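Reviewing the structure listed below.
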Amino acid sequence: MSEHASFPVTESADESLSAHELQAKWQKYWAENETFLAGGEDDTRPRKYVLAMFPYPSGDLHMGHAENYLYSDVVARFWRHRGHNVLNPIGWDSFGLPAENAAIRRGADPREWTYQNIAQQKAAFQQYGVSFDWSRVLHTSDPEYYRWNQWLFLKMYERGLAYRKKSPVNWCPNDQTVLANEQVVDGRCERCGAEVVKKKLTQWYFKITDYADRLLDDLNQLEGFWPHKVLQMQRNWIGRSVGADVDFTIEGRDGAVTVFSTRPDTLHGATFFVVAPDSDLAAELAADAPEEVRARFTDYLTQVQKTSEIDRQSTDRPKTGVFLERYAINPVNGERLPIWAADYVLADYGHGAVMAVPAHDQRDLDFARAFDLPVKVVVDTTAPITGAMPVVEVDADGVPIDAAATLEEQHPAQTGVALVGDGRMINSGELNGLSKRTAIARTIEKLEAAGTGRAAKNYRLRDWLISRQRFWGTPIPMLHTQDGGIVPVSEEQLPVRLPSVEGLDLSPKGTSPLGAAESWVRTVDPTTGEPALRDPDTMDTFVDSSWYFLRFLSPGNEEAAFTPEDARRWAPVDSYIGGVEHAILHLLYARFLTKVLFDMGLVDFTEPFSSLINQGMVILNGQKMSKSKGNLVLFQQELEAHGADALRVGLAFAGPVEDDKDWADVSMTGAQKFLSRALRIAREVQSPVGAPFAQGDVTLRRVTHRLLADAPGLVEHTKFNVLVARLMDLVNSTRKAIDVGAGAADPAVREAAETVAVMLDLIAPHTAEEMWEALGHEPSVGLVVWRQPEADMLVEDTVTTAVQINGKVRSTLEVPARISDTELEALARADEKVQRALEGKEIVRVIVRAPKIVNFAVKG
Numbered sequence: 001m002s003e004h005a006s007f008p009v010t011e012s013a014d015e016s017l018s019a020h021e022l023q024a025k026w027q028k029y030w031a032e033n034e035t036f037l038a039g040g041e042d043d044t045r046p047r048k049y050v051l052a053m054f055p056y057p058s059g060d061l062h063m064g065h066a067e068n069y070l071y072s073d074v075v076a077r078f079w080r081h082r083g084h085n086v087l088n089p090i091g092w093d094s095f096g097l098p099a100e101n102a103a104i105r106r107g108a109d110p111r112e113w114t115y116q117n118i119a120q121q122k123a124a125f126q127q128y129g130v131s132f133d134w135s136r137v138l139h140t141s142d143p144e145y146y147r148w149n150q151w152l153f154l155k156m157y158e159r160g161l162a163y164r165k166k167s168p169v170n171w172c173p174n175d176q177t178v179l180a181n182e183q184v185v186d187g188r189c190e191r192c193g194a195e196v197v198k199k200k201l202t203q204w205y206f207k208i209t210d211y212a213d214r215l216l217d218d219l220n221q222l223e224g225f226w227p228h229k230v231l232q233m234q235r236n237w238i239g240r241s242v243g244a245d246v247d248f249t250i251e252g253r254d255g256a257v258t259v260f261s262t263r264p265d266t267l268h269g270a271t272f273f274v275v276a277p278d279s280d281l282a283a284e285l286a287a288d289a290p291e292e293v294r295a296r297f298t299d300y301l302t303q304v305q306k307t308s309e310i311d312r313q314s315t316d317r318p319k320t321g322v323f324l325e326r327y328a329i330n331p332v333n334g335e336r337l338p339i340w341a342a343d344y345v346l347a348d349y350g351h352g353a354v355m356a357v358p359a360h361d362q363r364d365l366d367f368a369r370a371f372d373l374p375v376k377v378v379v380d381t382t383a384p385i386t387g388a389m390p391v392v393e394v395d396a397d398g399v400p401i402d403a404a405a406t407l408e409e410q411h412p413a414q415t416g417v418a419l420v421g422d423g424r425m426i427n428s429g430e431l432n433g434l435s436k437r438t439a440i441a442r443t444i445e446k447l448e449a450a451g452t453g454r455a456a457k458n459y460r461l462r463d464w465l466i467s468r469q470r471f472w473g474t475p476i477p478m479l480h481t482q483d484g485g486i487v488p489v490s491e492e493q494l495p496v497r498l499p500s501v502e503g504l505d506l507s508p509k510g511t512s513p514l515g516a517a518e519s520w521v522r523t524v525d526p527t528t529g530e531p532a533l534r535d536p537d538t539m540d541t542f543v544d545s546s547w548y549f550l551r552f553l554s555p556g557n558e559e560a561a562f563t564p565e566d567a568r569r570w571a572p573v574d575s576y577i578g579g580v581e582h583a584i585l586h587l588l589y590a591r592f593l594t595k596v597l598f599d600m601g602l603v604d605f606t607e608p609f610s611s612l613i614n615q616g617m618v619i620l621n622g623q624k625m626s627k628s629k630g631n632l633v634l635f636q637q638e639l640e641a642h643g644a645d646a647l648r649v650g651l652a653f654a655g656p657v658e659d660d661k662d663w664a665d666v667s668m669t670g671a672q673k674f675l676s677r678a679l680r681i682a683r684e685v686q687s688p689v690g691a692p693f694a695q696g697d698v699t700l701r702r703v704t705h706r707l708l709a710d711a712p713g714l715v716e717h718t719k720f721n722v723l724v725a726r727l728m729d730l731v732n733s734t735r736k737a738i739d740v741g742a743g744a745a746d747p748a749v750r751e752a753a754e755t756v757a758v759m760l761d762l763i764a765p766h767t768a769e770e771m772w773e774a775l776g777h778e779p780s781v782g783l784v785v786w787r788q789p790e791a792d793m794l795v796e797d798t799v800t801t802a803v804q805i806n807g808k809v810r811s812t813l814e815v816p817a818r819i820s821d822t823e824l825e826a827l828a829r830a831d832e833k834v835q836r837a838l839e840g841k842e843i844v845r846v847i848v849r850a851p852k853i854v855n856f857a858v859k860g
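Those letters in the sequence shown? Residues 1 to 860, per the UniProt record's numbering, in order.
What follows is the structure, encoded as structure tokens:
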């Protein structure tokens, strides 16, 4: 476990200062001098925009916050030290269910809970020493912010990207609100964990599917800059499939039913037709079926609505369904296909219906076997698919005679395993003998010629459902007129402010509490002057966070959400830091809205975040921290016990950024000792400011300049733990030079101490400022540009070579750093110790890795 003793008095330039007094001293200086404000338009330094995913004000910060904002602060401080004008803002994602639910439990206004928590978190950030630009703070629950959410909605509506429809939605029975697909995790609400059910409602959507191809293809721009895992998760979620839309007719029904298939070549193998039980088509077909079929269907639909989509798509569930006693007509051969309602087909996949080809799809096969439906093989997976099309003898059914025996042995109806491999087409009329690729192309040609199909794409991605039936969110700026029409609120009337909660019942009940705010909901149509009702729903809070990075660029602007000039000056974000749990929801929506804003001509880039850093979790004893488990480590408690710098050093040193860190393994005592040693060195330096470093001890200077050379790469590759280790090494080398070397008056000691102070600012800024002051410099060390290493200090005159025999060191040699393999082997063979050790032995192999090692493999 980490040590939780009181943070000790720390040695400093003023030895009377405690660690917390030291923090207060420098935090006061930073605030008074506005040290970390981004420079204005006249600042000619190159710009860097560093941003951590902004927090939700759910109470005190936790150790995950401590880690996330440490890493973002390291990056921001690094670029200042590299001579850049850095923007590092902070805000709060302050709308949402947790605030509303807390307010309901306490019988209070969610505003009170939210802004009290924001004040608490702000104080903690300041104690932690994070170098935020506090002049740009935003809260998404401020009318000055959500006005621009509403403006963005209106712009989406103008472009046909915001629309309203009735459809099955994910419904959380606990929070009594709808959820986007991305907010359902393993069939449960990602907020409260309640099992999600399907419910039909009329809701507002953003048409993200219009951007599916761009969202997928533009991921190529981010290769090497975003974690591969995140890119793959986005690709899988968008889930583009290429195939054909095929039009089936249904006996006794006007109009075609369209089915999407990635394998239109297998149309001849379709033996039945499946519709999603919760689709409009299923309800329509069941309504015209006999009474007993309608009753079975109604019971089945009730059962299905209690089952999550995740469970419905599980491959190991028994297949269930109801025959609707209706038939579809296969457009390629005129065969009648019985229509079933089955829960393994989803209403929002493709068109909510599939042609079932059980011989070549495992789920279709499992269903066919469960209900004794026919299975027809149309791909001979034993046939070669390369080279010229074979000329083979076929039987009356078109099955190649020499393959008939093999197909009979592995027929899916007998084995229970679908034939999913490639091969040659059989039982498919004029397609017989063709490969899959050729057969797909030929089938699409025939469908298009007959007017019964066309090439098409399908996506796993669904339009973004943004309506929420809760109070604490951005009101949707639309009006419902007396004649049933829907009109937008005029931009001049924005923001549509939330009403007071006085007299409102915020408890979840399936409809928005705003609908009961009579004086708020009743208004007039700005065009006609006739009475109208405001839309009672609020927006998904992911709308707030999908563009907040742009509002930071134009804080306080009352004329625009942001200006194109500010966007050109600062955006896109250079380094974005946050947890991998946002790999789909937040990042996908931010990418989508950025592309919309690009199309509107408001930004000149198509991806919002040039580089993405995902950190691991902070766990305890191998488990995720949880208040319910009683294993929560409180940020404020650790901050008070150990101080900000020790906490920051401990976390930075705990392991690679992307790995989980077990708090039980984090040593606060070790961090405190390191900081004390660094401060002591700065205080003991005796050479004056400006002393000629070149006159100092060469050995110590080499250690210093090697770190100067390596540190930028370590930071840019997020190897913060290695940087801390290297700083510890330099502190130890400096201590040795003071105690047993040239002493504290050696200019090399000052050079090393100044280097430690400047680089330590990334991790432990309060200690670094105190060191810088003790060394005789004016603050702030945070604005000092890193020195460049001296080339001659990076050249090692000699190195120590280990000479091994069968892996055991038998001698060492001092050799030139640039010695060749041949020269090094010759020196090793000439060494007396090596000669004695080799006497009477046969050398079978010599491995030379100049200038570090020579190994003789011997026998005898």
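For each residue, glycine too, the CB sits at the ideal point set by N, CA and C. Since we're looking at a predicted model, the values are computed, not measured.
(request) Pick out the complete alpha helix (DSSP H) segments inside the UniProt domain "Methionyl/Leucyl tRNA synthetase" (49-195), 4 residues or longer, and give them in chain order. (result) Entirely contained in the UniProt domain "Methionyl/Leucyl tRNA synthetase" (49-195), the alpha helix (DSSP H) runs reaching 4 residues are, in chain order, 63-81, 97-106, 110-128 and 143-158.
(request) Reducing DSSP to helix, strand and coil, say where Val246 ends up. (result) Walking along the sequence shown from the start, residue 246 turns up at place 246. Residue state, collapsed to three classes: strand.
(message) Quick check: Ala341 and Val354, are their CB atoms within less than 9 Å of each other?
(response) Here residue 341 corresponds to residue number 341 of the sequence shown, with the count starting at 1. Here residue 354 corresponds to residue number 354 of the sequence shown, with the count starting at 1. Result no, Cβ atoms of Ala341 and Val354 do not sit closer than 9 Å.
(message) Check for me: the beta strand (DSSP E) holding Arg45 runs from which residue to which?
(response) Taking the first residue of the sequence shown as position 1, residue 45 is located at position 45. Counting along the chain, Arg45 falls outside any beta strand (DSSP E), and DSSP gives it neither H nor E.
(message) Three Cβ pairs or more, each shorter than 8 Å: is that satisfied between the region 693-707 and the region 736-750?
(response) yes
(request) Compare the C-alpha of Phe54 against each of Thr44, Thr140, Arg240 and Met233 and name the closest. (result) In the sequence shown, residue 54 corresponds to position 54, counting from 1. Residue Thr140 is the option with its Cα nearest to Phe54.
(request) Measure from the alpha carbon of Gly818 to the alpha carbon of each residue in Glu67, Arg263 and Thr800, then state which is nearest. (result) In the sequence shown, residue 818 corresponds to position 818, counting from 1. The amino acid occupying residue 818 in the given sequence is Arg; Gly does not appear at that position. When only C-alpha atoms are compared, the closest one is Thr800.
(request) Give, in chain order, every unbroken run of the alpha helix (DSSP H) that is at least 4 residues long and sits entirely within the region 407-462. (result) Counting only runs of at least 4 residues, the region 407-462 fully encloses the following alpha helix (DSSP H) elements, listed from N- to C-terminal order: 412-415 and 436-450.
(request) Go through its chain and collect everything with a Cβ distance to Pro8's Cβ below 6 Å, but skip five positions before and after it. (result) The residue given as residue 8 occupies position 8 in the sequence shown. Annotation note: pLDDT 37 at Pro8 (below 50); position unreliable, coordinate value reported separately. Cβ within range, chain order: n/a, list empty.
(request) Assign Asp316 to buried or exposed, taking buried as 16 or more other Cβ atoms, counted over all protein chains shown, within 10 Å of its Cβ. (result) As a working mapping, residue 316 is identified with position 316 in the sequence shown. By the 10 Å Cβ count, Asp316 comes out exposed.
(request) In the DSSP assignment, find the alpha helix (DSSP H) that holds Trp237 and state where it starts and stops. (result) Residue numbering aside, residue 237 sits at position 237 when the sequence shown is read from its first letter. It spans His228 to Ile238 - the alpha helix (DSSP H) in which Trp237 sits, taken as one unbroken run.
(message) In the DSSP output, what is Gly622 paired with across the bridge?
(response) For the purposes of this step, residue 622 is taken as the residue at position 622 of the sequence shown. Answer by DSSP bridge pairing: none, since Gly622 is not bridged.
(message) I need the DSSP call for Met600, collapsed to helix, strand or coil.
(response) To locate residue 600, count along the sequence shown from 1; it is residue 600. For Met600, the three-state secondary structure derived from DSSP is coil.
(request) With DSSP collapsed to three states, give me the class of Trp786. (result) Taking the sequence shown and counting its residues from 1, the one referred to as residue 786 is at position 786. It is coil, neither helix nor strand.
(request) Please work out which residues of its chain come closer than 6 Å, Cβ to Cβ, to Asp348, disregarding the five sequence neighbours upstream and downstream, and give them in chain order. (result) One-based indexing of the sequence shown puts residue 348 at position 348. Closer than 6 Å at Cβ, skipping near neighbours: Arg462.
(message) Rounded to the nearest angstrom, what separates Phe273 and Pro384 at their Cα positions?
(response) By one-based count along the sequence shown, residue 273 stands at place 273. By one-based count along the sequence shown, residue 384 stands at place 384. One C-alpha to the other measures close to 30 Å.
(request) Can you tell me the Cβ-Cβ gap for Lys73 and Gln636, rounded? I've got them flagged as a contact below 8 Å. (result) Here residue 73 refers to the residue found at position 73 when the sequence shown is read from its first residue. Here residue 636 refers to the residue found at position 636 when the sequence shown is read from its first residue. Note that residue 73 is Asp in the sequence shown, not Lys. In fact, because the Cβ distance is near 18 Å, the residues do not count as touching under 8 Å.
(request) Report yes or no: do the region 466-481 and the region 213-223 share at least 3 C-beta pairs separated by less than 8 Å? (result) no
(request) Provide the residue span of the beta strand (DSSP E) that contains Gln804, from first to last. (result) Position 804 of the sequence shown holds residue 804. Per DSSP, Gln804 belongs to the beta strand (DSSP E) from Thr798 to Ile805.
(message) Please classify Met1 as buried or exposed, where buried requires at least 16 neighbouring CB atoms within 10 angstroms.
(response) Position 1 of the sequence shown holds residue 1. Only weak support is given to the placement of Met1: the predicted model assigns it a pLDDT of 35, under 50, and the value that follows is read from those uncertain coordinates. Exposed, because fewer than 16 other Cβ atoms sit within 10 Å of the Cβ of Met1.
(message) Once the 5 residues before and after Ile847 are set aside, which same chain residues still bring their CB inside 6 Å of it?
(response) Reading the sequence shown from its first residue, position 847 is the one you call residue 847. Excluding positions up to five away in sequence, the list reads Asn855.
(message) Assuming Gln680 is part of the alpha helix (DSSP H), what are its boundary residues?
(response) Residue mapping note: residue 680 aligns to position 680 of the sequence shown, counting from 1. According to the sequence provided, residue 680 is Arg. The question's Gln does not apply to it. Looking at the DSSP string, the run of the alpha helix (DSSP H) that includes Arg680 is Met668 to Glu684.
(request) In angstroms with no decimal places, state the Cα-to-Cα distance between Gly782 and Val758. (result) Reading the sequence shown from its first residue, position 782 is the one you call residue 782. Reading the sequence shown from its first residue, position 758 is the one you call residue 758. Our two residues, Gly782 and Val758, have alpha carbons roughly 7 Å apart in a direct line.
(request) Would you tell me roughly how many angstroms separate the C-alpha atoms of Ser435 and Ala244, rounded to the nearest one? (result) In the sequence shown, the residue the question calls residue 435 occupies position 435. In the sequence shown, the residue the question calls residue 244 occupies position 244. Using only the alpha carbons, I get a separation of about 17 Å.
(request) From the DSSP output, in three-state form, read off Asn330 for me. (result) Numbered from its first residue, the sequence shown carries residue 330 at position 330. The answer is coil: DSSP assigns Asn330 none of H, G, I, E or B.
(message) Using a Cβ distance threshold of 8 Å, determine whether the region 581-594 contacts the region 535-553, with at least three qualifying pairs required.
(response) In short, these stretches touch, since the Cβ pair count reaches three.
(message) Using DSSP's beta-bridge definition, name the partner residues of Met478.
(response) In the sequence shown, the residue the question calls residue 478 occupies position 478. Beta-bridge pairing links Met478 to Pro488.
(message) Using a 10 Å radius around the Cβ and a threshold of 16 neighbouring Cβ atoms, would you call Glu67 buried or exposed?
(response) Within the sequence shown, residue 67 is the residue found at index 67, counting from 1. Under the 10 Å beta carbon count, Glu67 is surrounded by 16 or more other beta carbons and is classified as buried.
(message) Measuring alpha carbon to alpha carbon, tell me which residue in Asp142, Arg551 and His65 is nearest Ala124.
(response) If you number the sequence shown from 1, residue 124 lands on position 124. Ranking Asp142, Arg551 and His65 by Cα distance to Ala124 puts His65 first.
(request) Would you please state the rounded distance, in angstroms, between the beta carbons of Val603 and Leu612? I believe it to be under 8 Å. (result) Taking the first residue of the sequence shown as position 1, residue 603 is located at position 603. Taking the first residue of the sequence shown as position 1, residue 612 is located at position 612. At roughly 18 Å, the Cβ-Cβ gap does not stay under 8 Å, so Val603 and Leu612 are not in contact.
(request) Can you check DSSP and say which residues form a bridge with Leu707? (result) For the purposes of this step, residue 707 is taken as residue 707 along the sequence shown, with counting starting at 1. Answer is none; Leu707 lacks a bridge partner.
(message) Counting C-beta neighbours from all protein chains within 10 Å, is the total for Leu550 16 or more, i.e. buried, or is it exposed?
(response) To locate residue 550, count along the sequence shown from 1; it is residue 550. The residue is buried, with at least 16 neighbouring Cβ atoms inside 10 Å.
(request) Give me the Cβ distance between Asp265 and Ala439, rounded to the nearest whole Å; I'm assuming they're in contact under 8 Å. (result) Counting from 1 along the sequence shown, the entry for residue 265 is found at position 265. Counting from 1 along the sequence shown, the entry for residue 439 is found at position 439. A Cβ-Cβ distance of about 4 Å is found for the pair Asp265 and Ala439, placing them in contact under the 8 Å criterion.
(request) Quick one: give me the first and last residue of the beta strand (DSSP E) that Gln615 is part of. (result) Translated into positions along the sequence shown, residue 615 becomes position 615. Its beta strand (DSSP E) spans residues Leu612 to Gln615.
(message) I'd like to know whether the C-beta atoms of Ile90 and Val50 end up nearer to each other than 9 Å.
(response) Residue 90 sits at position 90 when you count from the first residue of the sequence shown. Residue 50 sits at position 50 when you count from the first residue of the sequence shown. No, the pair does not count as a contact, with Cβ atoms beyond the cut-off.
(request) Might you give, ordered along the chain, the residues of its own chain that have their beta carbon closer than 8 Å to the beta carbon of Ile329, omitting 5 neighbours on each side? (result) Here residue 329 is taken as the residue at index 329 of the sequence shown, counted from 1. Closer than 8 Å at Cβ, skipping near neighbours: Phe248, Thr249, Ile250, Glu251, Glu335, Arg336 and Leu337.
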